[in-house]
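Going by UniProt numbering, the sequence shown opens with residue 1, and the numbers climb by one from there.
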Amino acid sequence: MPQPPPPQSREPLLRKPDDFTGNKKDYREWNMKITSYIASANTSLNTDEKKIRFVCSYMKEKAGVWAEEQLTARTTNQNWMWNDFTNQMKERFVDKNDKEIARNEIATIQQGNTRAEEFFTKLASLRIRAEYTDPLHDAIIINRLKLGLKTEIVTAIVASGNEPATIEGWRNRVIAVEEALYAHKPKYEVKNSFKPSTTSSSSRAPPPPKPTPSLPLGDPMDIDKMRKEGRCFKCHQKGHLARDCQNRRREVREIWMDLSTEEKRELTELMTANNQSDFTPPQV
């Protein structure tokens, strides 16, 4: 009776990672991608030696020199312990200051001239470097999003009265609102906010830029402390959650008042055209 053919190893569904050249600021994201790929490889990378050789094959330039030294030493000593290898790799390529640098970048992040998709891709990378991937961080990062995203996009989302509760939810809504804004008004360019209204009688000065937040992003210990004390992540007062914070309504009114009459009218038309039936201008 013929024997069935041996089972074939399943190819990972993830895209293979890019090469790592030794730049420390790229290490955390690259390491996450390559370890995820290895985890999805099933039987094709099922020994420590296979894993180490696979990782080394994606290390080039300065990192490639280090990888070659590792392979030479481990072949000689027959030391193919995966945990030992990953610890040495972390010691060599993790920038000791990278976490704090990334946290400072999150605290001052601005959308500027970039599209929403690019903005959130950058934010995701910064969150990995800053080690802000716990759901407990979402409320604080969402507050930073409101300061860093384009004013008209934040106004449309907050004034709808149905704010997303997660970062992924904000990402999806921001992209949808951005598409609605620029699809219905071709004269708008993504790099600009609302076109200033000009009249023959007077000219309105552009609103002042949004202030850069001066407080650093909350430390995980601060978040736990506020949570235990029952404090709002937004205003740090007791008695309510961030989603119920009254400061949110005040911020919406302030943003709305910064818009000209023409800008308010156009925003309302845009949201109506995009079937945002729950959009109502803030009461001032």
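We put the CB at the ideal spot given by N, CA and C, even for glycine.
Lys-238 has its alpha-carbon roughly 42 angstroms from the corresponding atom of Phe-93. With a 10 Å radius around the Cβ and a threshold of 16 neighbouring Cβ atoms, Lys-96 comes out exposed.
In this structure, the alpha-carbon of Ile-34 lies about 50 angstroms from that of Glu-262.
About 30 angstroms separates the beta carbon of Met-81 from that of Asp-134, a gap too long to meet the 8 angstroms contact definition. In the DSSP assignment, Trp-80 falls outside any alpha helix (DSSP H) and carries neither an H nor an E. Between the alpha carbons of Ile-175 and Ala-116 lies a gap of roughly 6 angstroms.
Among the bridge pairs identified by DSSP, Met-59 is matched with Phe-20. Bounds of the alpha helix (DSSP H) holding Tyr-37 are 27–39. Within the same chain, Asp-138, Ile-141 and Ile-142 come within 7 angstroms of Ile-167 by CB-CB distance, once the 5 residues on both sides are set aside. Take Glu-105, set aside five residues on each side of it, and the residues of its chain with a beta-carbon closer than 6 angstroms to its own are Leu-126, in chain order.
Around the CB of Gln-111, 16 or more other CB atoms lie within 10 Å, so the residue is classed as buried. DSSP places Lys-99 in the helix class (H, G or I) of the three-state scheme.
Assignment of Arg-74 by DSSP, reduced to helix, strand and coil, places it in the helix class.
A distance below 6 angstroms between beta-carbons, with the five flanking residues on each side excluded, links Ala-102 to the following residues of its chain, in chain order: Leu-126, Arg-129 and Ala-130. Counting the other Cβ atoms within 10 Å of the Cβ of Glu-179 gives fewer than 16, which makes it exposed.
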